[in-house]
Every structure is written in C-alpha cells, then in structure tokens.
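Engineer:
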Amino acid sequence: MNSYKNVNLEEFNSIDIEFSKKEKEQLKKRLRKKIVKEKSKRNVFAAAVAVLLISAMLVPNVRKVCADAIPTFNNLYETLGFKSEYLDQSVYIGKTYEENGIKITLDNLIGTKHLVKATLKIQYSDKWSESKRPLIFFDSGFNGEMSTGSTGGYKDTDKNTTIRVIDLMQDKEFKRKGDFTIKAFSDAFKKTMTWNMKVDFSKNFDAAIEKDVTMSKALEANIKHIEINKNVVAISSDNWLTSVSNGKSYCLKMDNKLYPIIGASIGDEKCTKLTFMENMDYNAVKNSKNISLVEYQNKDVYDKMTKTEMDKLADEQQKELDKLPKEEKVGVTYTKNVTFKNGNKAEIYKIERKRNKLYVYFKGNDKKQLFNMLLNYGLYTSSGSLVQSIEETNEGYIAEFNDVPKENVALKIQAGALELNGNYSENESRIILK
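Numbering-wise (UniProt numbering), the sequence shown opens with residue 1 and increments by one.
1) Answer with buried or exposed for residue 271, where buried requires no fewer than 16 other C-beta atoms within 10 angstroms of its C-beta.
2) Kindly confirm or deny that the region 164-173 and the region 188-200 touch, where touching means at least three C-beta pairs closer than 8 Å.
3) Opposite residue 298 in the DSSP bridges: which residues?
4) Could you pull the start and end residues of the alpha helix (DSSP H) that residue 322 belongs to?
5) Is residue 212 closer than 7 Å to residue 225 when the C-beta atoms are compared?
6) At what residues does the alpha helix (DSSP H) containing residue 204 begin and finish?
7) Hey, which unbroken runs of the alpha helix (DSSP H) at 4 residues or more fall wholly within the region 192-268?
8) Measure the C-alpha to C-alpha separation of residue 137 and residue 101 and round it to an integer number of angstroms.
9) Using three-state DSSP, classify residue 131 as helix, strand or coil.
10) Around the Cβ of residue 218, are there at least 16 other Cβ atoms within 10 angstroms (buried) or fewer (exposed)?
11) Check residue 173 in the structure and name its three-state DSSP category.
12) Provide the residue span of the beta strand (DSSP E) that contains residue 108, from first to last.
13) What does the Cβ neighbour count give for residue 364, buried or exposed, with the cut at 16 atoms within 10 Å?
14) Comparing C-alpha positions only, which one of 239, 381 and 337 sits nearest to residue 268?
15) Tell me residue 389's beta-bridge partners as DSSP assigns them.
16) Between residue 432 and the rest of its own chain, which residues show a CB-CB distance below 6 Å, the 5 nearest in sequence each way excluded?
17) Is it the case that the region 387-396 contacts the region 308-326, given that we only count it when at least three CB pairs across the two stretches are under 8 Å?
18) Once you ignore the five residues that flank residue 362 on each side, which residues in its own chain have a CB closer than 8 Å to its CB?
19) Report the residue from 107, 342 and 116 whose alpha carbon sits nearest the alpha carbon of residue 420.
20) How is the alpha helix (DSSP H) around residue 365 delimited, first residue to last?
21) Beta-carbon within less than 6 Å of residue 273's beta-carbon, same chain only, minus the 5 sequence neighbours each way: which residues are those?
22) Going by the CB atoms, is the gap between residue 223 and residue 254 shorter than 7 Å?
23) Between the region 144-158 and the region 93-113, do at least 3 Cβ pairs fall closer than 8 Å?
24) Are residue 122 and residue 104 close, meaning C-beta to C-beta below 7 Å?
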C-alpha cells in the first residue's frame, strides 16, 4: 500500500463541509443525550459523533486506490472517523453492487479484534427523493456467521450521493483470518448486497497490548481489561461507561490530562460491557505513569423539565449565544466571552493549531464551573468534533479537538451551558495494569 505515501491530500482541503438542517437537529439530539442505549447484547450504542479509532487489517493482493477517490476521502471520510493516516494500513476494495436504483460501493476497510470500520459510497437514482430514501442496514461476520449490526456517520456530497463510515463491532473477538462478509439489506432491496473477502487480522492481533486491570477502590463502573491498538482503545467494564442515565459521567485520567469517555459500547445488563474509546491516543496510554478512572456526578439542568420546557430553554439560550460577539483566529470563529446565569464569566484567551489538532485555552472566575461546562455541556465544532481531552493549567483549562479542518470551522457552545455551576462531585480510582 506504499502508493499512498506520495499523495498530497492537502490540495483537496478547499472543499467546504456544511450541515443540513436535518443533520443539525440530529447533532443537537446526540449532543444532548450523548448516546442512545438499547438493552440488547447485539445492539450498539452510538456516540455523539461516531468517530472510533481502530487498527489495521491486512488482505493480500489488494488493488490500489484510484486517484479520483482521494478528494472524497480526505475531506469527508476523515470527518466521519476514517482518518487519512489509516491509508497505508487500509485495504481498498472498490466493489460496487446495485439494487432497485441504489448503488453501493465498498471502498476501504480496517479492523481490529472487536471492530471493523468500512467506508462506503451510496448513490441513489432520481427515483429516490431525499425524503423517501429507504433505511439501509449493514451486518458482518466470518465464514457466514453474521453476528453484529453497525453504527457510524454519514454525509451527503450531492443530491444523489451519500458517503458513510460504518463501524461493525462485536463483544466476542473476530477470527484471526478467514472469509469475511459484509451485507447491506433494506426493505427496498429484493436481494441483499453481499461482499465476500478473504482477510487476515493476525498482524493486528499480535500487535495489540492487552492488560487486565485492578482498581484501587470500587466505583459504580469498574474497568476489568484494556486492549490497546494503534488506532483503538477497547475497555471492558462491569457497568456502562457511556450513556449513564443517573447524572454520572466518566473520564480516563492520564497523568495531568482528562479524556472524557466518548465512543460506542456493546453488551447487555448481565455481561461485560465493551467500550471503544474514540478519543484516546495509543501513546497516551502506553507512556502514562499514572492512570485513573474518574467518576463525576452532576445535576443536569434539564432533569426536572418536560421536553417542551427543555426545548424552549435550549432555543432561548441558543439565540442568546448566537447574539454574542464573535472573533476569528487561525481559521476558527468563536465566542470569546460568555457570562453564566450566576454572573461568573468565562473567556477563551488563546487558540492554536498543532499536528492537525485544535487547542482552545479557557479561563474564568470559577474553575469548577468552567470544567463542568467543558465536560458536560461543552463545546463542539461545526466539523462535528467534541472535546477530546481536557488539561488543567494555572489559569484554567486547555480543551483539545481532533480532525478539525484547517479553515472555516466554528466553535459552538451547547445550549444549557450557561445554566451550569460548579456543583459536582468527583471520585477517582487508580487503574493498576497487570
């Protein structure tokens, strides 16, 4: 796959990425709830922005990516979680099937023990208007044993074309090698679209770092096992680390840096829960001297509100936030100063870009209140990135964002943030890797 090394992906960065009205509403709901949970062993819990970091899958004798696929990949697949850094590790399939006026092309694949990520292009004929497009589901498995559903994100490139990045995951390990199948099915199809591939995951299995875990003290959720690959951190726990409905949230603390646990989780109430942490860096885990799980308890400002009251407050606060003066630095439009309902103030006093990441520096009257905003209601970008990590400084905090376009990105504050105060509790348990 060395053909990727001489490709200049940066020349395609001029393509603008915009959210439709429908996508904005979906993003708002996901940010509010963070994740939707179904109590079924095979159901998947999709994160606010479904972006999972996963390691490579190797298949012999694969074809090379054609040049005209690169612009779509760089500007759109990347924002959906399939990163350009995966190119040397990925497999290009490029196989297309068509059924009832819907054409699907399976482009790239990468995988690890519990998760395979795939990029797809879906093209609709003129018979399918946007409002009538059918739902399309994906399934996968080895040797004909289809055992898992999918989650992921999508983006329309034009009126007839949608690209998708799907995450196919299961709590038991995928086989090291064999015949791997991906299926696409829909009520609109008379027959299922099926891609059959011979795969060998052995290199990724062997490269993984796996550690059993003990906790210094018990929390409501306790980590049992951590699997670290170049592109994914998979955490096994005895309770949910995501979509916690009792006002709790969890972070991994690596030395002086906090990583909110963002990702997808699978499992059910009676077995181990497996969480794929999309914002955790391989080297951050490998090189950390002190690792902890931190449990936060916060009272949600919407707890005692009806849906109508909640929507009304969100709309009012969003209008209030939109009216605040905006500034622009390094291609980022942002609100420099905000005032909370209790009179405290917060300020963004510095913004910088390094290594394809965005770093936003905050300070305010009350550091706990500021942290509560960053962790629970915080910020997101118009490119779909949530706060990936939070680092404390003498003045305040640094919030880190991944995969932010180099130009024309807006930093957003979620409605409800202005109601927050610093009244939360935290409970920390050290993680001991065996």
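Where is the CB? At the ideal position from N, CA and C, for every residue including glycine.
Structural biologist: With the structure as the only source:
1) exposed
2) no
3) 424
4) 307-323
5) yes
6) 202-207
7) 202-207
8) 16 Å
9) helix
10) exposed
11) coil
12) 102-111
13) buried
14) 239
15) 400
16) 214
17) no
18) 346, 347, 348, 349, 370, 374, 396, 397, 398 and 399
19) 342
20) Careful: residue 365 lies outside any alpha helix (DSSP H) and carries neither H nor E.
21) 237, 240, 265 and 267
22) no
23) no
24) yes
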